[in-house]
Structure formats: C-alpha cells, structure tokens
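With the numbering used here applied, the sequence shown corresponds to residues 177 to 380, in that order. Glycine included, each C-beta is placed from N, C-alpha and C at the ideal position. Here the structure is laid out as structure tokens; the discussion comes afterwards.
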Amino acid sequence: MTGSIKKYCDELITGFDTIAPERKVLLEKIAAYISSKQKENKAVNLVYICTHNSRRSHFGQIWAQVAAAYFEISNTHTFSGGTEATAFHINAISALKRIGFVVKQMNETPNPVYEVCFGEQLAPAVCFSKVYNHPENPQQEFAAIMTCSDAEENCPFIPGVELRVGTTYDDPKVFDNTPQQDEKYDERCKQIALETVYAFSLVK
177 MTGSIKKYCD ELITGFDTIA PERKVLLEKI AAYISSKQKE NKAVNLVYIC
227 THNSRRSHFG QIWAQVAAAY FEISNTHTFS GGTEATAFHI NAISALKRIG
277 FVVKQMNETP NPVYEVCFGE QLAPAVCFSK VYNHPENPQQ EFAAIMTCSD
327 AEENCPFIPG VELRVGTTYD DPKVFDNTPQ QDEKYDERCK QIALETVYAF
377 SLVK
C-alpha cells in the first residue's frame, strides 16, 4: 500500500469516535457479515449500490478494497452498481486523486473502465458504471450496501442478497460546478472511507 493511502487510513482510525452511534450499529452488521464469511472460509462479496453508480457507490467499492488490504482481510471482493448505468464521475475521480490514488483510464468510451491503484503489490479496484445485477457483479451470496436513499427506496428486492444494509450518504452531486465542489467531494469521500474502515476494523 502506498505511503499516502496508509497514512490516510491511519488518520481515519483516530476519528472513529466521531461516528454517530446509530451509524455504528449499521456498520457493525457489515463487520459481522464479513466475520461470519471469514469463519466459514468463504469469499466475502460486498456490492455498494446507489442510483447512478457514479460517485458514492464507487467510493464504497474502493474504500472497502483498501480497508481489506489495510487490515489484511483475505478473500474479500468489492463491487458497485446502480439502478441505472451512467459513468464514474470525474469529480469523484479527482477526489480520489487528491488523496493519492493513481487512477488509470483503460478505454475511450462514454462509460470508461478505470483502474484505481493504491499499491504496487495490490490489485487495483476496477471501476465503471453498471447496474447492480450486471454479470460482473456477484449474483448470490453477497451483501448489498445501499449508499443512497433513492436506490434504497427503488430496490425493494435484490435477488441473491444475504445481507442488505442502508448506510446512505448525501450526494456531493448537488455541489457540482459550485465553489464548494472539491470540498464537498473530499468530505463525502472521507466520510465513506471513515465508516468503511471502521466496519473492517471490527472484523474478527
């Protein structure tokens, strides 16, 4: 793991006491799910879901992969999806780059595939916008983590899911093209990172 990403995670740990108790209850459910899969020697599959799979769900996917590496939790696979496909938004990508991630665009399409790298010896997170039941996402034995209230409301049933948790976050999209844009994307990225790292810190 690169020094900048490890340092960011180290600093996140010092902020666990800022997470609201009601949020911790939800995050503890994710930790318990990961722990149960580990004890059964089964793969941990986590799918982060929001409406457009463009911002918050990608943050969740990436930070879960980072947290698994940080805490050395093996056989963990992270994914993201939406109720519709758009594209991984440039403002979310920029927020990741400001932290120290290396983001590589792998093709030239309206919905590009990106590799989000955070260590030379670690597999990158592969990110592109897709619906939550896309063939590249697990179809059974996975946890669905809902990162926006719209997706939570519009996905009343997700086939194959073993755990569904609604850890919804405010959309930084509302600050696009405003003076607060970068600040709000950084803020949302950090909130998702903090809560994701917290959940993985509880895995036993």
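Simplified DSSP state of residue i, which is helix, strand or coil
| i | result |
| --- | --- |
| residue 363 | helix |
| residue 292 | strand |
| residue 254 | strand |
| residue 317 | coil |
| residue 280 | strand |
| residue 272 | helix |
| residue 338 | strand |
| residue 307 | strand |
7 angstroms CB neighbourhood of residue i in its chain, flanking five on each side removed
| i | result |
| --- | --- |
| residue 226 | 232, 233, 258, 323, 324 and 327 |
| residue 302 | 289 and 291 |
| residue 344 | 322, 323, 324, 325 and 328 |
| residue 265 | 230 and 231 |
Buried versus exposed, by CB contacts within 10 Å (16 or more), residue i
| i | result |
| --- | --- |
| residue 313 | buried |
| residue 189 | exposed |
| residue 242 | buried |
| residue 333 | exposed |
| residue 250 | exposed |
| residue 285 | exposed |
| residue 201 | exposed |
| residue 254 | buried |
| residue 306 | buried |
| residue 354 | exposed |
Own chain residues within Cβ distance below 6 angstroms of residue i, not counting five before or after
| i | result |
| --- | --- |
| residue 235 | 365 and 368 |
| residue 238 | 292 and 301 |
| residue 357 | 351 |
| residue 271 | 361, 362 and 365 |
| residue 193 | none |
Beta-carbon contacts of residue i that lie in its chain and below 8 angstroms, excluding the five residues immediately before and after
| i | result |
| --- | --- |
| residue 379 | 207, 210, 211, 214, 247 and 249 |
| residue 245 | 177, 294, 295 and 298 |
| residue 262 | 228, 229, 230, 287 and 305 |
* Taking contact to mean at least 3 C-beta pairs separated by less than 8 angstroms, is the segment 327-347 in contact with the segment 297-307? -> Taking 8 angstroms as the limit for Cβ pairs, the verdict is that the segment 297-307 does not touch the segment 327-347.
* Length-filtered (4 minimum) alpha helix (DSSP H) runs lying within the segment 187-236 -> Listed in chain order, the complete alpha helix (DSSP H) runs (minimum 4 residues) inside the segment 187-236 are 197-215.
* With contact counted as at least three CB pairs below 8 angstroms, one residue from each stretch, are the segment 205-221 and the segment 348-366 in contact? -> Taking a cut-off of 8 angstroms for Cβ pairs, the segment 205-221 and the segment 348-366 do not touch, as fewer than three such pairs fall below it.
* Pairing CB atoms from the segment 362-369 with CB atoms from the segment 196-212, are three or more of them under 8 angstroms? -> They do not touch, by the three-pair rule.
* To do: Decide yes or no for the touch test of the segment 270-279 against the segment 177-196: beta carbon pairs closer than 8 angstroms, at least 3 of them.
  => Yes, the segment 270-279 touches the segment 177-196.
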